[in-house]
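Numbering (this note's numbering), first residue to last: 13 to 641.
In what follows, a single structure is set out as structure tokens and then discussed.
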Amino acid sequence: MWNSKTRLPLVYSYALGIFLSLAALIISALLWDFVQYAPLLVFIAAVTISAWRGGLGPGLLCGVLSILAIDFFLLEPTQLFSTNSVQVFLLVGFGMITILISVLQESRLRTEQSLLYIKEELEVILNTVTDGITAQDIKGQTLFANEAAAQITRQLSPSELVKSPIETMQQRFELFDEQGEPFSMAQLPRFKVLAEGLPAQTQFRMRVSATGEESWILVKSSPVFDKRGDVRLIVNVMRDVTERYLIQAMQRQTEDRLRKVLDTITTFVGVMSPDGTLVEVNRAALDAANLQPEDVIGKPFYETYWWSYSDESKQRLKNAIQRALKGETVQYNARVRLSNYEYILIEFTLAPVFGPDKEIEYLIPSGIDVNERTRLSVLLVHEQQRLATILNNIPGIVFEGKTERSEGSRAMSFVSDYAEKMLGYSAENWANEPGFWRQVIHPEDWDTASEEARIIYESGKPGVIRFRCITRDQQIISVESHTTILTNEEGEAIGTCGVVMNITEHKYLEDALEAQAEDLKRSNKDLEQFAYVASHDLQEPLRMVTSYLQLIEQRYADKLDDDGREFIDFAVDGSSRMKRLINDLLTYSRVQRDQSDYAHINVEDIVDRVLANLKLTVEDTGATITHDP
Numbered sequence: 013m014w015n016s017k018t019r020l021p022l023v024y025s026y027a028l029g030i031f032l033s034l035a036a037l038i039i040s041a042l043l044w045d046f047v048q049y050a051p052l053l054v055f056i057a058a059v060t061i062s063a064w065r066g067g068l069g070p071g072l073l074c075g076v077l078s079i080l081a082i083d084f085f086l087l088e089p090t091q092l093f094s095t096n097s098v099q100v101f102l103l104v105g106f107g108m109i110t111i112l113i114s115v116l117q118e119s120r121l122r123t124e125q126s127l128l129y130i131k132e133e134l135e136v137i138l139n140t141v142t143d144g145i146t147a148q149d150i151k152g153q154t155l156f157a158n159e160a161a162a163q164i165t166r167q168l169s170p171s172e173l174v175k176s177p178i179e180t181m182q183q184r185f186e187l188f189d190e191q192g193e194p195f196s197m198a199q200l201p202r203f204k205v206l207a208e209g210l211p212a213q214t215q216f217r218m219r220v221s222a223t224g225e226e227s228w229i230l231v232k233s234s235p236v237f238d239k240r241g242d243v244r245l246i247v248n249v250m251r252d253v254t255e256r257y258l259i260q261a262m263q264r265q266t267e268d269r270l271r272k273v274l275d276t277i278t279t280f281v282g283v284m285s286p287d288g289t290l291v292e293v294n295r296a297a298l299d300a301a302n303l304q305p306e307d308v309i310g311k312p313f314y315e316t317y318w319w320s321y322s323d324e325s326k327q328r329l330k331n332a333i334q335r336a337l338k339g340e341t342v343q344y345n346a347r348v349r350l351s352n353y354e355y356i357l358i359e360f361t362l363a364p365v366f367g368p369d370k371e372i373e374y375l376i377p378s379g380i381d382v383n384e385r386t387r388l389s390v391l392l393v394h395e396q397q398r399l400a401t402i403l404n405n406i407p408g409i410v411f412e413g414k415t416e417r418s419e420g421s422r423a424m425s426f427v428s429d430y431a432e433k434m435l436g437y438s439a440e441n442w443a444n445e446p447g448f449w450r451q452v453i454h455p456e457d458w459d460t461a462s463e464e465a466r467i468i469y470e471s472g473k474p475g476v477i478r479f480r481c482i483t484r485d486q487q488i489i490s491v492e493s494h495t496t497i498l499t500n501e502e503g504e505a506i507g508t509c510g511v512v513m514n515i516t517e518h519k520y521l522e523d524a525l526e527a528q529a530e531d532l533k534r535s536n537k538d539l540e541q542f543a544y545v546a547s548h549d550l551q552e553p554l555r556m557v558t559s560y561l562q563l564i565e566q567r568y569a570d571k572l573d574d575d576g577r578e579f580i581d582f583a584v585d586g587s588s589r590m591k592r593l594i595n596d597l598l599t600y601s602r603v604q605r606d607q608s609d610y611a612h613i614n615v616e617d618i619v620d621r622v623l624a625n626l627k628l629t630v631e632d633t634g635a636t637i638t639h640d641p
């Protein structure tokens, strides 16, 4: 069991007291001739050491044992406890000194223990703080750092941060201000604290040189003064504000995006405070009346140029504002001024925006030029007509079918006019009869087509279905349906759309191509068989020629001159080359494109072999054949 981190273990403390009292006895006995005039000094030292390491208990134990040892072994008469008044007074004085030393050492140990507890508690408290806290002397050396400070400065532990010299810290990091300019160590707030003796703070971007990792740090520094009022220490509180900085940057970007969005909207849009002051307006509203933001921002909305041309328009707007402040969305047609000679009629809307506490934070005025809306309606009709023309000229049936929730069947909500041209049935036939596809699809293909359509519908992914259709005049055609699934806001399938195209001619060509491929496959097989037979039959005469030439060379070797033997060698070599050519032809006839192992070859070797095969032809014709590497 331990008393504290400043003491020895309890058992060891008492053992040390016993050991020191015995050691003092032995030393005093050995050196009695020198210490007899001051016999207590060695024992006082033993008591002091025992109390210093163990406190009150071990010190008193050592003192009691020392008194007994002195009286019994050192003072005359030895081996008897003395009753001499002088000796008793000496021993009592020693005992009082023992008590005093033990009490003083116990007080010291308790004070150290208390300070240690306070230090440990303070470290625990500081290490639970999410902000980094460091203490530096006036030279900038870190004396204390908590866990958060080590994490913020990318150190392994607080002790590593304490041990790191300032020069090392400067080499590990690069600092930048909010404009991206280099931020020197001299700009840290602790230098301002040293100079002025007042708290200071700053924010900078820190980049770790080794990894390139970046973070935004907010540092607040405060002075700690000595008794003379001079700065003794500087306490730095660091906070990683990267997330907050990024959020602020995102907010600024969001504001910029909202501003850009507002300015791209052709509708007149603004933002008002609840008291009717205009705080924001988009570019369309400003440009329409040739105004600048400073002409209207910060003014009561009903006093702005658009509305101030008459008391009637202003009063009507004031009434609308009062209604909107009660939570109502107000809408009416209003006349606004764009110039001294130009007014337009707009569909004006004033809508409230509520905050988290259900209180109205803003009012949003907006206006649509009624004349512009009429023009857009005409354009919409024109675009619808143009789209209908495009759909009706697509060489395929464009369709859209919605699923009826009650019946689970898909009724055709749209079929292009090409359906009548391709199948002979008008769009009305499809629209009025939900199961009309059953009449059109060939009976033999209905089950397969229905199953493929069901798979596509349940998967929610586009797909292609091939089937045959029977036209109104009883012709059978092949079609291909490219189908896409329609979904609602919840992602549920609610129907299909796509294009059905006539692929009869394509299917005919496809079947013809397959037949040709089958014929070609059969022809290749016949050619391969022929090559095998031909190569086998061609090799037999070559083998006979080679055998007889070798037989002539053996029997008539003594009658052949050098030219004769050379001619026989040429003939044998030619036969060997022809055999290789036949074998290569057989191998080539068996090559399958999807099974061959291709490799790089030296073309010059092939050229040399070809020239060897053509040697007689080259010599007979006197040809000269050259080639590049």
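Backbone N, C-alpha and C define an ideal beta-carbon position, used for all residues, glycine too.
Note that this is a predicted model, so its numbers are computed, not measured.
With residue i as the anchor, note down where its beta strand (DSSP E) starts and where it stops.
i	result
Gly282	280-284
Ile477	475-482
Leu303	Unbroken run through Leu303: none, as it is neither H nor E.
Reducing DSSP to helix, strand and coil, say where residue i ends up.
i	result
Ala465	helix
Gln148	strand
Arg65	helix
Phe195	coil
Ser221	coil
His639	coil
Asp531	helix
Asp573	coil
Gln566	helix
Val382	helix
Thr409	The question names Thr, but residue 409 in the sequence shown is Ile. Three-state result, Ile409: strand.
Ser320	coil
Trp14	Only weak support exists for where Trp14 lies, its pLDDT of 38 falling under 50; the value from the coordinates is given anyway. Of the three classes helix, strand and coil, the one that applies to Trp14 here is strand, per DSSP.
Asp252	strand
Asn345	strand
Taking only the alpha-carbon atoms, compute the straight-line gap between residue i and residue j and give it to the nearest angstrom.
i	j	result
Trp225	Tyr257	One point to set straight first is that residue 225 is Glu, not Trp, in the sequence displayed. Roughly 16 angstroms separates the two Cα atoms.
Ala400	Val410	11 angstroms
Arg28	Glu133	The identity of residue 28 in the sequence shown is Leu, whereas the question assumes Arg. If I take the Cα positions, the gap works out to 31 angstroms.
Arg417	Ser438	Its pLDDT being 46, under 50, Arg417 is placed unreliably in this model, and the coordinates cannot settle the point.
Glu470	Ala505	8 angstroms
Ser169	Phe156	11 angstroms
Glu445	Val382	41 angstroms
Leu206	Leu73	53 angstroms
Ala261	Thr146	29 angstroms
Identify the continuous alpha helix (DSSP H) that holds residue i and give its terminal residues.
i	result
Asn625	615-625
Phe313	First-last for Phe313: undefined, no H or E at that position.
Gln451	448-452
Arg240	From DSSP, Arg240 is part of no alpha helix (DSSP H); its letter is neither H nor E.
Leu329	323-337
Glu444	This sequence places Asn at residue 444; Glu is not what is there. Segment 439-444, the alpha helix (DSSP H) holding Asn444.
On the criterion of 16 or more Cβ atoms from any shown chain inside 10 Å, does residue i qualify as buried, or is it exposed?
i	result
Arg65	buried
Met424	buried
Phe46	exposed
Ser233	buried
Val54	buried
Asn158	buried
Ile246	buried
Asn514	buried
Val2	A question about residue 2 goes unanswered here, because the residues of the chain that appear run from 13 up to 641.
Trp449	buried
Gln334	exposed
Ala81	buried
Phe280	buried
Asn294	buried
Arg202	buried
Glu419	Note that Glu419 scores 43 on pLDDT, short of 50, meaning its location in the model is unreliable; the coordinates nonetheless yield the value given after this. Exposed, since its Cβ has fewer than 16 Cβ neighbours within 10 Å.
Asn614	exposed
Which one of the options has the shortest CA to CA distance from residue i?
i	options	result
Arg484	Glu373, Gln343, Glu502, Lys433	Lys433
Pro9	Gln265, Ile477, Asp617, Thr60	The structure shown does not extend to residue 9, since the chain is modelled only from 13 through 641, so no value can be given for it.
Arg184	Pro364, Leu298, Met218	Met218
Leu539	Phe426, Leu597, Phe448, Ala222	Leu597
Leu187	Leu561, Lys239, Gln215, Leu357	Gln215
Ser97	Thr279, Asp83, Ile109	Asp83
Gln486	Val243, Lys151, Tyr353, Gln451	Gln451
Ile467	Ser33, Asn302, Ile497	Ile497
Lys151	Glu578, Val243, Lys571, Val115	Val243
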